[in-house]
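Here is the structure we will look at.
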Amino acid sequence: TVTAPPLMWVAALDLLLARMQKENLPLAKVAAISGSGQQHGSVYLRRGARARLGALDSRLTLRDQLRDVFAFDAAPVWMDSSTRGQCRERDTTLGGAQAVAELTGSRSYERFTGNQIAKIYQQHPEVYAATDHIALVSSFTASLLIGTYAPIEPGDGAGMNLMNIRTRRWAPAALRCTAPLLAKRLGPIAPSHKVVGRLSRYFTDRYGFAPHTQVIAFSGDNPNSLAALGLARSGDIAISLGTSDTVFGALSAPQPSAAEGHIFGNPINPQGYMALICYKNGSLTREAVRNEFARGSWKAFEAALARTPEGNGGRIGFYFKEPEITPTVLKPGIYRFGQDERPARFTPEQNVRAVVEGQYLSMRLHGNNIGLVPQKILATGGASVNKSLLQVMADVFGTRVHVSSQPNSASLGAAYRALHGWHCARTRGFVPFEKIVRAAASFTPAAEPDRAKHRIYTAMLKRYAQLEKQVMGS
Numbered sequence: 002t003v004t005a006p007p008l009m010w011v012a013a014l015d016l017l018l019a020r021m022q023k024e025n026l027p028l029a030k031v032a033a034i035s036g037s038g039q040q041h042g043s044v045y046l047r048r049g050a051r052a053r054l055g056a057l058d059s060r061l062t063l064r065d066q067l068r069d070v071f072a073f074d075a076a077p078v079w080m081d082s083s084t085r086g087q088c089r090e091r092d093t094t095l096g097g098a099q100a101v102a103e104l105t106g107s108r109s110y111e112r113f114t115g116n117q118i119a120k121i122y123q124q125h126p127e128v129y130a131a132t133d134h135i136a137l138v139s140s141f142t143a144s145l146l147i148g149t150y151a152p153i154e155p156g157d158g159a160g161m162n163l164m165n166i167r168t169r170r171w172a173p174a175a176l177r178c179t180a181p182l183l184a185k186r187l188g189p190i191a192p193s194h195k196v197v198g199r200l201s202r203y204f205t206d207r208y209g210f211a212p213h214t215q216v217i218a219f220s221g222d223n224p225n226s227l228a229a230l231g232l233a234r235s236g237d238i239a240i241s242l243g244t245s246d247t248v249f250g251a252l253s254a255p256q257p258s259a260a261e262g263h264i265f266g267n268p269i270n271p272q273g274y275m276a277l278i279c280y281k282n283g284s285l286t287r288e289a290v291r292n293e294f295a296r297g298s299w300k301a302f303e304a305a306l307a308r309t310p311e312g313n314g315g316r317i318g319f320y321f322k323e324p325e326i327t328p329t330v331l332k333p334g335i336y337r338f339g340q341d342e343r344p345a346r347f348t349p350e351q352n353v354r355a356v357v358e359g360q361y362l363s364m365r366l367h368g369n370n371i372g373l374v375p376q377k378i379l380a381t382g383g384a385s386v387n388k389s390l391l392q393v394m395a396d397v398f399g400t401r402v403h404v405s406s407q408p409n410s411a412s413l414g415a416a417y418r419a420l421h422g423w424h425c426a427r428t429r430g431f432v433p434f435e436k437i438v439r440a441a442a443s444f445t446p447a448a449e450p451d452r453a454k455h456r457i458y459t460a461m462l463k464r465y466a467q468l469e470k471q472v473m474g475s
């Protein structure tokens with residue numbers, strides 16, 4: 002079990018606002034606020050919490066006034082994986098893993114909020130009985146700001162195994178197999194661009210915010226990162242090359258899969274969706290191959306790529322330094338295959354090319370499976386400065402690759418969403434996100450696809466998928 006004390010987030014808001022005030026930031030000029038929270042985490046508020054939120058004394062800190070509003074002082078967070086039994090129960094009740102994915106956008110995941118709620122109901126029924134409201138980390142923080150319970154929005158709400166991904170409302174069958182009277186404790190789902198309330202008097206009196214400051218629905222870190230990159234249109238894809246690699250993007254027609262990835266509501270397009278696939282074996286695995294086969298040098302790594310042909314002469318490798326999320330591989334290992342599909346030995350140069358091509362072929366394969374077909378790719382993360390990696394990416398996907406350096410993308414996306422929500426409220430309708438933040442993000446073309454090379458990779462994809470199934474079964 003992995004938890005965090007929810008009072009920590011309350012104290013963090015105290016600290017943040019005190020520092021902003023100390024730096025004489027013009028808080029009175031703030032027109033709208035939104036925010037980002039780690040996905041899946043849940044906060045359990047006891048009866049009387051709503052009244053306490055609405056009657057805060059501006060002479061005291063939030064921490065001092067909200068110590069006893071929690072029904073459970075240990076909030077389960079995204080790193081927790083102790084709910085395997087609850088996941089099995091959900092799958093059985095709802096008709097299997099694919100049925101759960103079709104309904105909620107993802108198969109039953111241990112870290113997802115609904116399964117954590119089920120565990121608390123089963124193991125701590127007295128806590129559940131004392132709970133008046135269950136919030137996500139994002140909606141809890143918004144609740145602090147508006148002085149009452151803030152609604153959950155579809156981007157973050159989809160990470161619970163409780164929301165109907167198509168209607169963007171709670172799925173009754175998913176609620177029933179979680180805990181009784183759950184809809185009442187969760188409250189409604191609100192559109193991502195909606196004003197959920199005005200800043201409470203506590204913040205205007207204590208910190209000098211304007212009394213009319215609007216609070217836009219808070220979302221999760223991954224949906225907000227999508228907003229930071231402006232991925233509103235189907236076919237807009239981002240690939241983050243970090244410690245773990247993440248592929249996410251906008252799509253109009255979701256294809257939920259129990260085998261890979263997640264479908265969330267798109268926080269900047271109320272009719273759209275976002276898909277996300279995460280790989281545990283990202284930069285650390287590339288670095289391990291570099292250290293073993295390229296003398297620990299990225300320059301030597303790039304030279305090895307240049308000395309080997311596209312397609313690696315039919316050789317395909319799978320490099321799992323850690324257990325993998327996509328596809329599900331529990332046992333780390335390295336698997337190398339020749340043209341005849343049999344295990345093979347690779348030269349150092351062939352290992353270098355195999356790890357790069359294998360990672361991108363996996364992204365293309367599993368992205369296609371849930372509807373991510375890129376028309377444009379934005380590459381971010383530390384490894385996106387490596388032009389050789391970007392060229393292989395462009396060739397595998399067959400589309401231009403752009404680069405962008407967007408630090409703190411989750412909080413930046415929340416700021417963009419605050420601006421967007423403010424404009425929507427002003428016009429009393431929905432304003433296309435790209436019209437509001439048209440000049441916000443700067444992207445530079447970094448690699449153009451070679452069509453002949455793209456055909457080579459397209460021909461490899463079927464073999465790659467077959468070999469991946471073989472590896473998963475080993």
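Position in the sequence shown (first residue = 1) + 1 = the working numbering.
Glycine included, every Cβ here is placed at the ideal spot set by N, Cα and C.
Checklist entry - Exposed or buried, which one is Asn352 when buried takes at least 16 other CB atoms within 10 Å? => result Locating residue 352 in the sequence shown gives position 351, counting from the first residue. Counting Cβ neighbours within 10 Å, Asn352 comes out buried, since at least 16 surround it.
Item to check | Close Cβ partners of Gly283 (< 7 Å) along its chain, the five nearest in sequence each way excluded | outcome: Start at 1 with the first residue of the sequence shown, and residue 283 comes out as number 282. Around Gly283: Leu242, Gly243, Thr244, Ser245 and Asp246.
Item to check | Assigned exposure category for Glu293 - 16 Cβ within 10 Å defines buried | outcome: Residue numbering aside, residue 293 sits at position 292 when the sequence shown is read from its first letter. Under this definition Glu293 is an exposed residue.
Next on the checklist: Within the continuous alpha helix (DSSP H) that includes Thr94, where are the two ends?
Outcome noted: Indexing the sequence shown from 1 puts residue 94 at position 93. Arg85 to Leu95 is the span of the alpha helix (DSSP H), which, as asked, contains Thr94.
Checklist entry - DSSP state of Trp79, grouped into three classes? => result Residue mapping note: residue 79 aligns to position 78 of the sequence shown, counting from 1. Coil.
Next on the checklist: Tell me the DSSP secondary structure of Phe319 in three-state form.
Outcome noted: Taking the first residue of the sequence shown as 1, we reach residue 319 at position 318. DSSP places Phe319 in strand when its eight states are reduced to three.
Checklist entry - Taking the DSSP output, what are the residues bridged to Lys377? => result Taking the sequence shown and counting its residues from 1, one reaches residue 377 at position 376. Beta-bridge pairing links Lys377 to Asp237.
Item to check | Outcome for His213 when other beta-carbon atoms lying within 10 angstroms are tallied against a minimum of 16 | outcome: In the sequence shown, counting from the first residue as 1, residue 213 sits at position 212. By the 10 Å Cβ count, His213 comes out exposed.
Checklist entry - What are the boundary residues of the beta strand (DSSP E) that Gln215 is part of? => result Numbered from 1 along the sequence shown, position 214 holds the residue referred to as residue 215. Counting along the chain, the beta strand (DSSP E) containing Gln215 begins and ends at Gln215 to Ile217.
Checklist entry - According to DSSP, is Tyr1 helix, strand or coil? => result Because the chain is modelled from 2 through 475, residue 1 falls outside the range shown and cannot be assessed.
Checklist entry - Quick one: any contact between the stretch 189 to 207 and the stretch 45 to 62, if contact means 3 or more CB pairs under 8 Å? => result yes
Next on the checklist: Does Asn25 pass the burial test, meaning 16 or more other C-beta atoms within 10 Å, or should it be called exposed?
Outcome noted: Working through the sequence shown from its first residue, we reach residue 25 at position 24. By the neighbour-count rule (16 or more Cβ atoms within 10 Å), Asn25 is not buried but exposed.
Checklist entry - Smallest Cα separation from Thr459: which of Pro328, Val357, Phe71 and Arg365? => result By one-based count along the sequence shown, residue 459 stands at place 458. In terms of CA proximity to Thr459, Arg365 leads the group Pro328, Val357, Phe71 and Arg365.
Checklist entry - Just how far apart, CA to CA, sit Phe431 and Ala259? => result If you number the sequence shown from 1, residue 431 lands on position 430. If you number the sequence shown from 1, residue 259 lands on position 258. Roughly 33 Å separates the two Cα atoms.
Checklist entry - Is it the case that the Cβ atoms of Gly359 and Gly318 are separated by a distance below 8 Å? => result Your numbering for residue 359 matches position 358 in the sequence shown. Your numbering for residue 318 matches position 317 in the sequence shown. A contact, by the Cβ cut-off of 8 Å.
Next on the checklist: Taking 7 Å as the limit between beta carbons, can you name the residues of its chain near Thr400, skipping five residues before and five after?
Outcome noted: By one-based count along the sequence shown, residue 400 stands at place 399. Same-chain partners within the cutoff: Pro375, Gln376, Lys377, Ile378 and Pro450.
Item to check | Buried versus exposed call for Arg429 [16 or more other C-beta atoms within 10 Å across all chains shown] | outcome: Stepping through the sequence shown from its first residue, residue 429 is reached at position 428. By the neighbour-count rule (16 or more Cβ atoms within 10 Å), Arg429 is not buried but exposed.
Item to check | Three-way DSSP call (helix, strand, coil) for Asp206 in this model | outcome: As a first step, residue 206 must be located in the sequence shown, where it is residue number 205. Asp206: helix per DSSP, three-state reduction.
Checklist entry - So what does DSSP say about His150, is it helix, strand or coil? => result As a position in the sequence shown, residue 150 is number 149, starting the count at 1. His is not the amino acid found at residue 150; the sequence shown has Tyr there. The answer is coil: DSSP assigns Tyr150 none of H, G, I, E or B.
Next on the checklist: As an exercise, report each continuous alpha helix (DSSP H) stretch of at least 4 residues that is fully enclosed by the stretch 415 to 453, in chain order.
Outcome noted: Unbroken alpha helix (DSSP H) runs of no fewer than 4 residues, entirely contained in the stretch 415 to 453, are found at 434 to 437, following chain order.
Next on the checklist: Taking the straight line between their C-alpha atoms, what separation do you get for Ile190 and His403?
Outcome noted: Walking along the sequence shown from the start, residue 190 turns up at place 189. Walking along the sequence shown from the start, residue 403 turns up at place 402. Computed Cα separation, rounded: 35 Å.
Checklist entry - In chain order, what residues of the same chain lie with their CB nearer than 6 Å to the CB of Arg207, ignoring the 5 residues before and after it? => result Reading the sequence shown from its first residue, position 206 is the one you call residue 207. Within the same chain, Arg207 has close Cβ partners Ser59.
Checklist entry - DSSP state of Pro344, grouped into three classes? => result Working through the sequence shown from its first residue, we reach residue 344 at position 343. In this structure, Pro344 counts as strand in the three-state DSSP scheme.
Item to check | CA-to-CA distance, Ser144 to Ala295, given in whole angstroms | outcome: As a position in the sequence shown, residue 295 is number 294, starting the count at 1. As a position in the sequence shown, residue 144 is number 143, starting the count at 1. Whole-angstrom Cα-Cα distance: 52 Å.
Next on the checklist: Taking DSSP's pairing of strands, which residues face Cys279 in a bridge?
Outcome noted: Residue numbering aside, residue 279 sits at position 278 when the sequence shown is read from its first letter. Paired residue(s): Thr247.
Checklist entry - Do the stretch 172 to 180 and the stretch 88 to 99 touch if we need at least three Cβ pairs shorter than 8 Å? => result yes
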